[in-house]
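Below: the structure, in structure tokens.
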Amino acid sequence: MNTDTKKEKSRLKKMVESFGLPRLLITLFLILLLILAPIVGADLPTQITNIIARFSWNGILVLAMVPMVHSGCGLNFGLPLGIISGLLGATLSIEFGFTGAFSFIMAILIATPFALVLGTIYGWLLNKIKGGEMMIATYVGFSSVSLMCMMWLVLPYKSPNMVWGMAGKGLRTTISLEGYYINVLADILHIKIGNLEIPTGTILFFALLAFLIWAFLHTKTGTAMTAVGSNPTFAKAAGINVNKIRLLSVVMSTWLAAIGILVYEQGFGFIQLYMAPFYMALPAVSAILIGGASVNKASITNVIIGTILFQGIVTMTPTVMNNMVHMDMSEVIRIIASQGMILYALTRKTEGSK
Amino acid sequence: MKTNANKKGSFGSFLRRSSVPLMFILICAVCIPLSGLSPSYLVNEIVTRMGRNAFLILALLIPIMAGMGLNFGMTLGAMAGQIGLILASDWQIVGIPGMVLAMILSVPISILLGLFCGKILNMAKGREMITSYIMSFFINGVYQLVVLYLMGSVIPIKHSSIKLPRGYGIRNTVSLLSMRQKLDNLIPLTIKGVKIPVATFIVIAVLCVFIVWFRRTKLGQDMRAVGQDMEVARDAGIHVERTRIIAIVLSTVLAGIGMIIYLQNMGNIATYSSHSQIGMFCIAALLVGGASVDKASIGNVFLGVILFHLMFIVAPRAGAAITGDSMIGEYFRVFVSYAVITVALIMYETAKRSEKKQGGEQLRQAQLEEERK
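Keeping their order, the protein sequence lines are chains V and P. First residue of the first sequence? That's 97 in my numbering, and the numbers climb one at a time after it. First residue of the second sequence? That's 4 in my numbering, and the numbers climb one at a time after it.
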């Protein structure tokens, strides 16, 4: 009997290990928050609405991690590069005078070539420095954001809705999307039951892209990508052009990030320029890790679970904390939880990828 | 082994290695006349900034020696230093004794953080830099928890001048008026209108001597061996993990002391932001001085401070002069800081890869070295 309990214990231990202790803690924490919310007097449907809304804004940015993780390029800390392509698309679409839902489509169309070009350069660079992707990706992101800070000031934007009123030039730090593509996706098939709202359109758009990525990963090229990620030497021996596949994955990630930021903006209602994209990679990285991904393994399920968990904590902690102790510690909790998750993932041993 | 390869490359490789400093000299040469700042002002500023930053940058050298790359986790030490200063200023211990007390307080915190950081970095070999970078964010969360919530509620803080009105937590800025430039002005000396912080320079010189001495000790040699090749070092009987942890602990402690010197010159602490950029600027300055991820000397530190901060002072003015918008220069210098780090990282990784490719070559050289021994 003694050995039985021991076995039981070791099995439990194994389960915890495979699930990951930090992940378990975060899940339990969110469940605790959900239970506490009604007790401390927060309106649960409103909370759930917030979580769903924020999930729909951020989902694609998190999805952008998947291709690069699959091809063994590690976590895409260079997400800001894709975000910049998206921002270029957004601002140019407004500059050219498109309005309403059409401005969203145009923003995507204009952002695409930028994402493809920047993604190709970025991918080419990452192929040169295999093994050190993540650190360099971080700094490629930073450099490009700070370069664009200058560009937003210098580029000859004219639209009065975007430039500083007094000077008549240089883009504002935040640009309202009122009259452009605010809530274009969210308003499609919008569901409202009491306090519970569901932005169906945005979720469907996310689902569509997620499905496309999932389908892609099951094509011949997609399988090759996974092979490159899990064992590059084997992939090379099997006649796969490793560099080409990696380049493709980086371009895909960058493009998804561009689309992701546009979807984020349509929900959020504003375009944020200058230093705003700077730290946008970190929430996306920690979200996918919380969802169960590791440095070289990620699935669509990881994306969905991770985004819900991460955004759940981000939205729930402030309300519950405020109602409970009148002390807003949410920012600190968010930092510790999300960075702790990234640290945990970085210290896990991973095979291959070099 | 490495010096051999470098010698072979002669002029071309010299140019490649010093391309970053040369580029900076060029930027400064263009920007200085444009900025219209007087030479005496510039010299004054550079001397001040040298005293302010050199100690912090020197703290980066030891982990580089141990092959752990640029220690983005030096922010940890900076936070420890700030906690020390906050406590010392709350206890109203002024001037040099206050600084010394802050240093004494910071050391155990730095050691603890350094141990933690070192342990984690040992679990993430091969990705030390990104891990230490994320580590700085993680500990920043813990720091905020301590300073924003625990100070005043759990850790007693007496004076309301540094406490938030709500009764706990520290204000956004803590004035260090009682310690302001006390070390800099300890031995006053002014040459031709240039104020020289003699005492600060003496402290920095002591640290330089310490680093030179440390390199020659058994531990310093071990670190270099670990930096060259972990497996070989392990076979030679060196306790690799322990050596690496010591390197990080030393760096963190030095960064803590360096932060206190930095802040006494500034005269106040921006409680929630002083530390956050410090790692980036120090690393950028070191790289501008011609250092690389795996090789840095004391000379790089001083050259780096001069060039980087010269650019930092003149860029906004020069930018304003060219474009009529001062923000351009501001963004330009931020961009340059990041771009320098990016380029240095790329150069390091490509060099590492080409080194790997020349595996056979390396083997031959290793054999030659063995023969020499």
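For every residue, glycine included, the Cβ atom is placed at its ideal position computed from N, Cα and C.
Starting from the Cα of Ile-86/P, find the closest Cα among Met-77/P, Ile-241/P and Val-149/P and give me that residue. Locating residue 86/P in the second sequence gives position 83, counting from the first residue. Looking at the Cα atoms, Val-149/P is the closest of the given residues.
Can you pull the DSSP bridge partners for Leu-292/V? Mapped onto the first sequence, residue 292/V falls at position 196. DSSP output for Leu-292/V lists Ile-289/V as bridge partner(s).
Run through the DSSP bridge pairs and tell me what Gly-271/P is partnered with. Reading the second sequence from its first residue, position 268 is the one you call residue 271/P. First, the residue type needs correcting, since residue 271/P is Asn and not Gly in the sequence shown. DSSP lists Ser-178/P as partners of Asn-271/P.
If distances are taken between C-alpha atoms only, which option among Thr-142/V, Leu-140/V, Gly-185/V and Met-231/V comes closest to Glu-131/P? Sequence index remark: in the second sequence, residue 131/P carries index 128 (1-based). Checked all of Thr-142/V, Leu-140/V, Gly-185/V and Met-231/V; the closest Cα to Glu-131/P is Met-231/V.
Delimiting residues of the alpha helix (DSSP H) encompassing Ser-21/P: For this step, residue 21/P is matched to residue 18 along the second sequence. It is not in any alpha helix (DSSP H) - Ser-21/P carries neither H nor E in the DSSP assignment.
How many whole angstroms separate the CB atoms of Leu-184/V and Phe-210/V, which I take to be in contact at a CB cut-off of 8 Å? Within the first sequence, residue 184/V is the residue found at index 88, counting from 1. Within the first sequence, residue 210/V is the residue found at index 114, counting from 1. Confirmed, Cβ separation roughly 5 Å.
Can you tell me where the beta strand (DSSP E) holding Gln-95/P begins and where it ends? For the purposes of this step, residue 95/P is taken as residue 92 along the second sequence, with counting starting at 1. Run containing Gln-95/P: none; DSSP gives neither H nor E here.
For Thr-216/V, report the span of its alpha helix (DSSP H) as first-last. Sequence index remark: in the first sequence, residue 216/V carries index 120 (1-based). 196-224 is the span of the alpha helix (DSSP H), which, as asked, contains Thr-216/V.
Have a look at Leu-64/P and Thr-255/P and give me their C-alpha separation to the nearest angstrom. As a first step, residue 64/P must be located in the second sequence, where it is residue number 61. As a first step, residue 255/P must be located in the second sequence, where it is residue number 252. Going by the C-alpha atoms only, they are around 11 Å apart.
Among Thr-220/P, Tyr-152/P and Leu-348/P, which one has its Cα closest to the Cα of Pro-168/P? What you label residue 168/P is simply residue 165 of the second sequence in a count that begins at 1. When each option's Cα is compared against that of Pro-168/P, the closest is Tyr-152/P.
Only counting the same chain, and skipping five residues up and downstream in sequence, which positions put a Cβ closer than 8 Å to that of Leu-210/P? Counted from its first residue, the second sequence places residue 210/P at position 207. Phe-58, Leu-61 and Leu-257.
Can you tell me which of Leu-140/V, Leu-281/V and Ile-336/V puts its alpha carbon nearest to the alpha carbon of Asn-291/V? Here residue 291/V is taken as the residue at index 195 of the first sequence, counted from 1. Ranking the options by Cα distance to Asn-291/V, first place goes to Leu-140/V.
For a quick check, are the C-beta atoms of Ile-207/P and Met-102/P less than 7 Å apart? For the purposes of this step, residue 207/P is identified with residue 204 of the second sequence, where counting begins at 1. For the purposes of this step, residue 102/P is identified with residue 99 of the second sequence, where counting begins at 1. Not a contact, by the Cβ cut-off of 7 Å.
When Cβ atoms are compared, which residues of the stretch 118-138 of chain P fall closer than 8 Å to chain A? In the structure shown, chain A does not exist; the protein chains are V and P.
In the stretch 343-363 of chain P, which residues sit with their C-beta less than 8 Å from some C-beta in chain V, listed in chain order? Ile-344, Thr-345, Leu-348, Ile-349, Tyr-351, Glu-352, Thr-353, Lys-355 and Arg-356
Locate the beta strand (DSSP E) running through Ile-190/P, then write down its first and last residues. Reading the second sequence from its first residue, position 187 is the one you call residue 190/P. That residue, Ile-190/P, is in no beta strand (DSSP E); it is neither H nor E in DSSP.
Can you tell me whether Asn-175/P is buried or exposed, with buried defined as 16 or more other CB within 10 angstroms of its CB? Residue 175/P sits at position 172 when you count from the first residue of the second sequence. Exposed, since its Cβ has fewer than 16 Cβ neighbours within 10 Å.
Quick one: what's Ser-272/V bridged to in DSSP? Reading the first sequence from its first residue, position 176 is the one you call residue 272/V. Answer by DSSP bridge pairing, in chain order: Phe-366/V.
Contact the stretch 274-286 of chain V vs the stretch 125-138 of chain V: 3+ CB pairs below 8 Å: no
Under 7 Å, do Asn-392/V and Gly-325/V count as touching if we go by C-beta distance? The count along the first sequence starts at 1 and reaches residue 392/V at position 296. The count along the first sequence starts at 1 and reaches residue 325/V at position 229. It is a contact, given that the beta carbons lie within the stated cut-off.
Beta carbon proximity, Tyr-235/V to chain P, threshold 7 Å: The residue you call residue 235/V lines up with position 139 of the first sequence. Tyr-235/V counts as touching chain P.
Suppose the cutoff is 7 Å on Cβ atoms and the five residues either side in sequence are ignored; what does the same chain contact list for Asn-146/V look like? As a position in the first sequence, residue 146/V is number 50, starting the count at 1. Closer than 7 Å at the Cβ level, and outside the excluded window around Asn-146/V, lie Thr-411.
Just the C-alpha distance for Thr-220/P and Met-226/P, rounded to the nearest angstrom, thanks. Here residue 220/P is taken as the residue at index 217 of the second sequence, counted from 1. Here residue 226/P is taken as the residue at index 223 of the second sequence, counted from 1. Each residue's Cα considered, the two are about 10 Å apart.
Test item: CB-CB of Arg-444/V and Ser-390/V under 7 Å: Position 348 of the first sequence holds residue 444/V. Position 294 of the first sequence holds residue 390/V. Yes; because the gap between Cβ atoms is below 7 Å, this pair is in contact.
Please confirm whether Gln-368/V has its beta-carbon closer than 7 Å to some beta-carbon of chain P. The count along the first sequence starts at 1 and reaches residue 368/V at position 272. No - not a single Cβ of chain P is within 7 Å of the one on Gln-368/V.
Taking DSSP as the reference, what is the three-state secondary structure of Val-380/P? Because chain P spans 4 through 376 in this model, residue 380/P falls outside it and cannot be assessed.
Apart from the five residues just before and just after Val-338/V, which ones in its own chain have a Cβ nearer than 8 Å to its Cβ? To locate residue 338/V, count along the first sequence from 1; it is residue 242. If we look at Val-338/V and ignore the five residues flanking it on each side, its Cβ neighbours are Val-324, Pro-328, Ala-331 and Lys-332.
Proximal residues to Val-229/P (C-beta, below 7 Å), its chain only, five neighbours per side dropped: Translated into positions along the second sequence, residue 229/P becomes position 226. Within the same chain, Val-229/P has close Cβ partners Ala-69, Gly-70, Ala-236, Ile-241, Val-243, Thr-246 and Arg-247.
Quick one: what's Ser-390/V bridged to in DSSP? Numbered from its first residue, the first sequence carries residue 390/V at position 294. Answer by DSSP bridge pairing, in chain order: Lys-393/V.
Starting from the beta carbon of Ala-443/V, find every residue of chain P whose beta carbon is closer than 8 Å, and list them in chain order. The count along the first sequence starts at 1 and reaches residue 443/V at position 347. The amino acid occupying residue 443/V in the given sequence is Thr; Ala does not appear at that position. By Cβ distance, chain P contributes Ile-123, Met-126, Ala-127 and Thr-134.
Whole-number beta carbon distance between Gly-98/P and Ser-178/P, since they are thought to touch under 8 Å: Here residue 178/P is taken as the residue at index 175 of the second sequence, counted from 1. Here residue 98/P is taken as the residue at index 95 of the second sequence, counted from 1. Taking C-beta atoms under 8 Å as the contact rule, Ser-178/P and Gly-98/P fail to qualify, at a distance of about 14 Å.
Tyr-235/V classed as buried or exposed, judged by whether at least 16 other C-beta atoms fall within 10 angstroms: Position 139 of the first sequence, counted from the first residue, corresponds to residue 235/V. That one is buried.
Assumed close pair Pro-36/P, Gly-293/P - CB separation to whole angstroms, cut-off 8 Å: Residue 36/P sits at position 33 when you count from the first residue of the second sequence. Residue 293/P sits at position 290 when you count from the first residue of the second sequence. Not really, about 24 Å apart at Cβ, beyond 8 Å.
Quick check on Glu-447/V - is its C-beta less than 7 Å from some C-beta in chain P? To locate residue 447/V, count along the first sequence from 1; it is residue 351. The pLDDT assigned to Glu-447/V is 41, lower than 50, so where the model puts this residue is not dependable; a value taken from the coordinates is nonetheless given after this. Taking Cβ atoms only, chain P never reaches closer than 7 Å to Glu-447/V, which makes this a no.
The alpha helix (DSSP H) that contains Gln-231/P, what's its start and end? Residue numbering aside, residue 231/P sits at position 228 when the second sequence is read from its first letter. Residues 221-231.
So, does the stretch 312-323 of chain P touch the stretch 33-48 of chain P, judging by three or more C-beta pairs under 8 Å? A contact exists between the stretch 312-323 of chain P and the stretch 33-48 of chain P.
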